[in-house]
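One structure is given below, encoded as structure tokens.
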Amino acid sequence: MSVPRVFLLSPANCRGTRGKQAISPRATFAVAEQLRSPEGVAIGDLFAFVSGLYFRGKLTYARRFAAPPEPANPIVAGGIQVITPNAGLRPPETRVTREALRKFSGADVHPDNAAYRRPLEQSARALAGELGGACDVVLLGSIASPKYVDVLLAIFGDRLLFPIEFVGRGDMSRGGLLLRRAADGAELDYVPVAGAVRHGARPPKLPPLREWKKHAPRPPS
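Now the structure itself:
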């Protein structure tokens, strides 16, 4: 039996070109139209648009391998939680509006910013209280910066893990790696964040996704 596992996904940068495109009243693509609607758009879809390959890879991979101890528990939320700039942890299905995106864009994702740190601490503690002692917590995000790691380590301690294959890779390489592993059904190796080497030599470049897809095995049904 596999070890229960939940994933924490680092947020997208909402201040860039794609964030501005999504919030434009003239935009006609699906994410922008949903963002303008009263119901809003799922934060997972929004961040996947804003961030592109990297967040899409994180979300696809987490959906493939999440194994929450209690799938119906609303706080555990299916085993996937997205770190937000000012609202703590939220399930990727959470609907957000243009106003929420504006606030995300203006938020400073830094542990010294209480408006970011306190909601994250509160929701992370609530999650930790629901997981019990035998569930891994895997951060899909950079551990080279303290902006997520310092807050999460203080709450999850040694159970906070990350993919060792992330060391030395840039965001696009991580996104491509995650998409490949999700399609292959081959989970990455995780190590504790505490005490880990956070910087390393750049690994060999991944083959282009288009070329890889020609030879990629089909995921198990």
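Last residue of the sequence shown: number 1145 in my numbering, and the count goes up by one each step with no gaps.
Glycine is no exception: its CB is placed at the ideal position from the N, C-alpha and C atoms.
Cβ-Cβ distance between valine 1075 and arginine 1041 below 7 Å:
yes
List the whole-angstrom C-beta distance separating leucine 1103 from glycine 940, where the pair is believed to meet the contact cut-off of C-beta under 8 Å.
About 21 Å; that fails the 8 Å criterion.
Once the 5 residues before and after serine 1066 are set aside, which same chain residues still bring their CB inside 7 Å of it?
Ser934
By Cβ distance, which residues of its chain are closer than 7 Å to threonine 1021, with the 5 residues on each side in sequence left out?
Leu959, Gly964
Check this for me: beta carbons of tyrosine 985 and aspartate 1095, under 7 Å apart or not?
no
Whose C-alpha, out of Leu1025, Pro1035, Pro1087, is nearest the C-alpha of glycine 968?
Leu1025
Once you ignore the five residues that flank proline 1070 on each side, which residues in its own chain have a CB closer than 8 Å to its CB?
Pro1035
Please report the straight-line C-alpha distance between lysine 1138 and glutamate 1111, rounded to a whole angstrom.
Only weak support exists for where lysine 1138 lies, its pLDDT of 42 falling under 50; the coordinates are left without a value.
Where serine 1112 sits in the DSSP three-state scheme
Note that residue 1112 is leucine in the sequence shown here, rather than serine. Here leucine 1112 sits in coil by DSSP.
Taking only the alpha-carbon atoms, compute the straight-line gap between aspartate 1113 and leucine 1063 and give it to the nearest angstrom.
12 Å
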